[in-house]
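Input: a single structure, listed below in structure tokens.
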Amino acid sequence: MEMSNKEIGDMIRKLRKGELVHCPQCEKGVIVPKKPNEIHFRCNVCDFAINLD
Ligand SMILES: [Zn+2]
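Numbering (numbering that gives the first Met the number 0), first residue to last: 0 to 52.
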């Protein structure tokens, strides 16, 4: 699934604020940091990943 830049921007803003973000790819998982305070986030169900940089 392709995400627009606006959708990606909204997702990054929410992750930075610590809000819960549901995965846009599988729509079942949530996007969580790989490690505490990491900028690399990924879905806890599928292989979707996003970096906050
Ligand atoms: Zn997912």
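All residues carry an ideal CB built from backbone N, CA and C; glycine is no exception.
For residue i: DSSP bridge partner residues
i: Cys45; result: Paired residue(s): none; Cys45 is not in a bridge.
i: Val31; result: Arg41
Residue i: CB within 8 Å of a non-hydrogen atom of ligand 1
i: Glu1; result: no
i: Val44; result: yes
i: Glu6; result: no
i: Lys27; result: yes
i: Phe47; result: yes
Identity of the residue in the options nearest residue i by Cα
i: Val44; options: Val20, Ile38, Asp52; result: Val20
i: Gly28; options: Lys16, Arg41, Glu6; result: Arg41
i: Pro23; options: Leu51, Asn50, Met2, Asp52; result: Met2
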